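Undergrad:
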Amino acid sequence: MTMDTDAALLIQTEAALAPAMHQAAQLLFQTLTRGLSVTVCGNRASGAVVLAAGLPYSVYLPPGRPGDLMLVIMPETPPDDLAGMVAAGRKRGLVALALLSEASAQLAPCVDLALLIPSADPGAARLAMVAVLRAISPTSVPTH
0 MTMDTDAALL IQTEAALAPA MHQAAQLLFQ TLTRGLSVTV CGNRASGAVV LAAGLPYSVY
60 LPPGRPGDLM LVIMPETPPD DLAGMVAAGR KRGLVALALL SEASAQLAPC VDLALLIPSA
120 DPGAARLAMV AVLRAISPTS VPTH
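Each step along the sequence shown adds one to the number in numbering that gives the first Met the number 0, with nothing skipped, and position 101 is 100.
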């Protein structure tokens, strides 16, 4: 990827996802201001996206509670068990928000709100996901 290609993807992502990004930002803000938790799931690349976005994190989290937010980050083809994990979380009352790429779009029907990055390239999708996370992350909400 070149800088021009990266920039074009970021512009395309912002244009395509603006309304969904607003919804996601509201969802994150409401979750955190209610004292609930955000749990990230996916794979190692998902953790790297969270770190690159500069978000606080904890390695240990208790099981999700009703109202908690499950943030699914999947820039590539998802593992077979991820849809089942999302379904189990939703059954427990978690709200599922997903950052997906074209390669993982099949997870969209499994979640409450999906933000689909318009790229099948995992590296490009990760870059755009970092930008989206930074854009939707509340900056004035205390973390636990």
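Ideal placement from N, C-alpha and C gives every residue a C-beta, glycine not left out.
Remember, predicted model here, so these are calculated numbers, not experimental data.
Could you give the DSSP three-state label for Pro141: helix, strand or coil?
TA: Legend: pLDDT at Pro141 = 48, less than 50; position of this residue unreliable, value from coordinates given subsequently. Correct three-state label for Pro141: coil.
Undergrad: Tell me whether Val131 sits in a helix, a strand or coil according to DSSP, three-state version.
TA: Correct three-state label for Val131: helix.
Undergrad: Does the region 123-140 come close enough to the region 83-93 that 3 or more CB-CB pairs lie under 8 Å?
TA: Short answer: they don't touch.
Undergrad: For Arg64 and Leu35, which I take to be in contact (beta-carbon distance under 8 Å), what is that distance rounded to the nearest angstrom?
TA: Contact flag correct, Cβ pair sits at about 7 Å.
Undergrad: Which residues bound the alpha helix (DSSP H) around Ala113?
TA: Looking at the DSSP string, Ala113 is not in any alpha helix (DSSP H); the run it does join, the beta strand (DSSP E), is Leu112 to Ile116.
Undergrad: Assign Ala6 to buried or exposed, taking buried as 16 or more other Cβ atoms, counted over all protein chains shown, within 10 Å of its Cβ.
TA: That one is exposed.
Undergrad: I need the DSSP call for Leu93, collapsed to helix, strand or coil.
TA: Reduced to three states, the DSSP call for Leu93 is coil.
Undergrad: Less than 6 Å between C-beta atoms, sequence neighbours within five positions excluded: which residues of the same chain meet that for Ala124?
TA: Excluding residues within five positions, the ones whose Cβ falls inside 6 Å are Pro74, Ser100, Ile116 and Ser118.
Undergrad: Beta carbon of Leu106, beta carbon of Leu96: below 7 Å?
TA: For Leu106 and Leu96, no; Cβs fall outside 7 Å.
Undergrad: Got a sec: is the Cβ-Cβ distance from Pro18 to anything in chain C below 7 Å?
TA: In the structure shown, chain C does not exist; there is a single protein chain.
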